Amino acid sequence: MPTLKDAYADAFLMGVALNERQYTDQDDRARPIVAAQFNAISPENVMKWESLHPEPGVYDFEGADAYVEFGEANDMWILGHTLVWHSQTPRWVFQDENGDPLTREALLARMEDHISTVVGRYRGRVDGWDVVNEALNEDGTLRDSPWRRIIGDDYLEHAFRFAHAADPDAELYYNDYSLENKPKRDGAVRLVRSLQDAGVRVTGIGTQLHAHMDWPTVAQLDSTIRAFAEVGDVMVTELEIDVLPSRGSQSADVSRREEGAADLDPYTDGLPPEMQQALADRYAELFEVLLDHKDSISRVTFWGVTDGDSWKNGFPIPGRTNHPLLFDRDGAPKPAFGAVVRVAD
Ligand code: G3I
Numbered sequence: 019m020p021t022l023k024d025a026y027a028d029a030f031l032m033g034v035a036l037n038e039r040q041y042t043d044q045d046d047r048a049r050p051i052v053a054a055q056f057n058a059i060s061p062e063n064v065m066k067w068e069s070l071h072p073e074p075g076v077y078d079f080e081g082a083d084a085y086v087e088f089g090e091a092n093d094m095w096i097l098g099h100t101l102v103w104h105s106q107t108p109r110w111v112f113q114d115e116n117g118d119p120l121t122r123e124a125l126l127a128r129m130e131d132h133i134s135t136v137v138g139r140y141r142g143r144v145d146g147w148d149v150v151n152e153a154l155n156e157d158g159t160l161r162d163s164p165w166r167r168i169i170g171d172d173y174l175e176h177a178f179r180f181a182h183a184a185d186p187d188a189e190l191y192y193n194d195y196s197l198e199n200k201p202k203r204d205g206a207v208r209l210v211r212s213l214q215d216a217g218v219r220v221t222g223i224g225t226q227l228h229a230h231m232d233w234p235t236v237a238q239l240d241s242t243i244r245a246f247a248e249v250g251d252v253m254v255t256e257l258e259i260d261v262l263p264s265r266g267s268q269s270a271d272v273s274r275r276e277e278g279a280a281d282l283d284p285y286t287d288g289l290p291p292e293m294q295q296a297l298a299d300r301y302a303e304l305f306e307v308l309l310d311h312k313d314s315i316s317r318v319t320f321w322g323v324t325d326g327d328s329w330k331n332g333f334p335i336p337g338r339t340n341h342p343l344l345f346d347r348d349g350a351p352k353p354a355f356g357a358v359v360r361v362a363d
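Numbering (mature numbering (1 follows the signal peptide of the UniProt record, and there is no 0)), first residue to last: 19 to 363.
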């Protein structure tokens, strides 16, 4: 059977998010899969502010350097993720030495220092950056965050301008989740258009596509790609399909947890054949849409290599395992892997 990257060679890059163990030779199971199957990489955590810049004036590039070197050694397209986000950003970033909120000017200076230092270090080596991550509410308006509260709505414009100044050739993206829902999708298009109208370089939108068995619909995904193609490149940036009940029934799960049901994964010994098939069919229907839009989509990235690596283990239910990716916990390809390859065959 062809590899993922070969099957989709004429369509788009096939990417995967890596954790640190996978490019520092500590994970013998995932590394060969990464090298064989994928031609683009994303850093799951190592390039976030708290990892790169844990204290004022202190940068730690050890993990990020290893990530970029791994990508170069394997001839891969390399993403930087992420420069400006409300999460995984230390509290000190928004405070002065007395613990009081920074002024707009001081926070902009801190943002510029971070972006120019990080993007400048990897200039010409990291191909594209998720410049701003998850700035929108579900209704498409700008989300409340310390960035927005202190700087104002134009914090996004500054972030993109600083990134462009630090590496004029890098691709610069806006990245978010649940963009298949119309209000948020429309908000992303409005946001990116307004930045571009102001002369800011935004090269595309990444839709994370943390999917479920029943969300998004094929029609929702199709409309989202069409809408985003109007303003630039389209990427699927953090794909997996949660096979367990959560969307809609999520609150029911949480109340069961509160009642003491610690482990709500009925498939701890692996997915049974009917669920493997259902997951394979679901992956196939999403990839059929993606392939239809191969002229607009530049990259499709899975958020993890094997089921054991997924952030969905423990989210939204702490301690609950999950099975959302193409390779099982032993690194064996699941039926979903064959289904994805066959869509492009
Ligand atoms: O590094 C510490 C470690 O020192 C500590 O011992 C351990 C104890 O909990 O925590 C470790 O940090 C964890 C980190 O992942 C690295 O493993 C954090 O607790 C944990 O919260 C963090 O989760 C990451 C999450 O972003 C944080 O918001 C997930 O791995 C990562 O997959 C997830 O990725 C995000 C994307 O960046 C943006 N879109 C959504 C996506 C899923 O949440």
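Even for Gly, the Cβ is constructed at its ideal location relative to N, Cα and C. These numbers come from a predicted model, not from an experiment.
Pick from A354, V323 and D260 that is closest to R49, judged by C-alpha positions: Start at 1 with the first residue of the sequence shown, and residue 49 comes out as number 31. Considering only alpha carbons, the answer is V323.
query: So which of L282, A84, R109 and E90 has the shortest CA-CA distance to P336?
result: Position 318 of the sequence shown, counting from 1, holds the residue named residue 336. Residue L282 is the option with its Cα nearest to P336.
query: Cβ atoms of L154 and L209: under 8 Å apart, would you say?
result: Stepping through the sequence shown from its first residue, residue 209 is reached at position 191. Stepping through the sequence shown from its first residue, residue 154 is reached at position 136. A contact, by the Cβ cut-off of 8 Å.
message: Closer than 8 Å is the cut-off here; do at least three beta carbon pairs connect the segment 223-230 with the segment 183-200?
response: Yes, the segment 223-230 touches the segment 183-200.
query: Nearest to M129 by CA position, among Q295, L31 and H104, is which residue?
result: Locating residue 129 in the sequence shown gives position 111, where the first residue counts as 1. It is H104 whose Cα lies nearest to the Cα of M129.
task: Determine the closest residue to T339 out of D346, F345 and N331, with distance taken between C-alpha atoms.
output: Along the sequence shown, read from residue 1 onward, the residue named residue 339 stands at position 321. For T339, the nearest C-alpha among the options comes from N331.
- prompt: Do you know how far the Cα of S316 is from the Cα of D28?
  reply: Within the sequence shown, residue 28 is the residue found at index 10, counting from 1. Within the sequence shown, residue 316 is the residue found at index 298, counting from 1. Each residue's Cα considered, the two are about 10 Å apart.
- prompt: Roughly how many whole angstroms lie between the Cα atoms of L343 and F320?
  reply: Position 325 of the sequence shown holds residue 343. Position 302 of the sequence shown holds residue 320. Cα to Cα, L343 sits roughly 8 Å from F320.
query: Rounded to a whole number of angstroms, what is the C-alpha to C-alpha distance between P234 and D204?
result: On the sequence shown, residue 234 is found 216 positions in, with the first residue counted as 1. On the sequence shown, residue 204 is found 186 positions in, with the first residue counted as 1. Going by the C-alpha atoms only, they are around 16 Å apart.
Check whether I243 and S314 have beta carbons under 8 Å apart: One-based indexing of the sequence shown puts residue 243 at position 225. One-based indexing of the sequence shown puts residue 314 at position 296. Yes, the pair counts as a contact, with Cβ atoms nearer than the cut-off.
- prompt: When the Cα of V149 is compared with those of Y173, V102 and R161, which residue comes out closest?
  reply: In the sequence shown, the residue the question calls residue 149 occupies position 131. Put simply, of Y173, V102 and R161 the residue whose alpha carbon is nearest the alpha carbon of V149 is V102.
message: Assuming the contact rule is C-beta atoms closer than 8 Å, Y285 and A357 should be a hit. Round their C-beta distance to whole Å, please.
response: Position 267 of the sequence shown, counted from the start, is the residue given in the question as residue 285. Position 339 of the sequence shown, counted from the start, is the residue given in the question as residue 357. That belief does not hold up - the Cβ atoms of Y285 and A357 are roughly 18 Å apart, past 8 Å.
query: Among the residues of its own chain, which have a CB less than 7 Å from the CB of D363, if the five just before and after it don't count?
result: Within the sequence shown, residue 363 is the residue found at index 345, counting from 1. Counting only Cβ-Cβ distances below 7 Å, and skipping sequence neighbours, we find A25.
message: Using only the alpha-carbon positions, how far apart do T255 and V318 sit?
response: Translated into the one-based positions of the sequence shown, residue 255 becomes position 237. Translated into the one-based positions of the sequence shown, residue 318 becomes position 300. Going by the C-alpha atoms only, they are around 6 Å apart.
query: How many whole angstroms separate the CB atoms of L309 and V361, which I take to be in contact at a CB cut-off of 8 Å?
result: For this step, residue 309 is matched to residue 291 along the sequence shown. For this step, residue 361 is matched to residue 343 along the sequence shown. About 6 Å separates the two Cβ atoms, so the contact holds.
message: Less than 8 Å between the beta carbons of P61 and A84, yes or no?
response: Locating residue 61 in the sequence shown gives position 43, counting from the first residue. Locating residue 84 in the sequence shown gives position 66, counting from the first residue. No, the pair does not count as a contact, with Cβ atoms beyond the cut-off.
Cα-Cα separation between D325 and Q295, rounded to whole angstroms: Residue mapping note: residue 325 aligns to position 307 of the sequence shown, counting from 1. Residue mapping note: residue 295 aligns to position 277 of the sequence shown, counting from 1. So the two alpha carbons sit approximately 16 Å from each other.
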